[in-house]
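Notes for the one structure printed next.
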Amino acid sequence: MISLNDLPVGKKATITAISGGYGLIRKLDILGIRPGKEITKISSQWMKGPVIIRWGNTDIAIGYGMAHKIMVEVK
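The structure is reproduced here in structure tokens:
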């Protein structure tokens with residue numbers, strides 16, 4: 240398992256865990272980001288900028304800190 244920040248751009252992965260409090264887990268759940276979901280990392284910015292992921296036909300930008308707490312398993 241690696242954090243979403245460490246996932247190379249263009250790679251697919253499955254979310255395995257979210258290490259955060261209730262508020263973070265709830266916010267990500269509202270966005271559709273939850274364990275078991277298959278995602279693709281579209282891009283990331285240098286200097287701790289946002290990470291853009293895609294699941295289905297939806298692209299979502301997540302802050303660097305949030306992305307660091309999302310653990311994924313590379314496909």
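Counting in the working numbering, the sequence shown runs from 240 upward without gaps.
Glycine included, C-beta positions come from ideal geometry on N, C-alpha and C.
Residue i - partner residues in DSSP beta bridges
{"i": "S258", "result": "In the DSSP output, where bridge partners are listed per residue, S258 has none listed."}
{"i": "V313", "result": "A252"}
{"i": "R293", "result": "T279 and D298"}
{"i": "I241", "result": "V311"}
Cβ pair residue i, residue j closer than 8 angstroms
{"i": "V290", "j": "T255", "result": "no"}
{"i": "R265", "j": "I278", "result": "no"}
{"i": "P274", "j": "I301", "result": "no"}
Endpoints, the alpha helix (DSSP H) within which residue i is located
{"i": "M286", "result": "Note, M286: premise wrong, no alpha helix (DSSP H); not H, not E."}
Integer Cβ distance of residue i from residue j, believed to fall under 8 angstroms
{"i": "L243", "j": "K280", "result": "7 angstroms"}
{"i": "V313", "j": "L246", "result": "7 angstroms"}
Residues of its chain near residue i, where Cβ-Cβ distance is below 8 angstroms and the 5 sequence neighbours each way are ignored
{"i": "V248", "result": "K280, I281, S282 and S283"}
{"i": "L263", "result": "I257, M305 and K308"}
Range of the contiguous beta strand (DSSP E) that encloses residue i
{"i": "D298", "result": "T297 to I301"}
Own chain partners of residue i with C-beta closer than 6 angstroms, once the 5 adjacent residues on each side are dropped
{"i": "L270", "result": "I299"}
{"i": "Y303", "result": "K287"}
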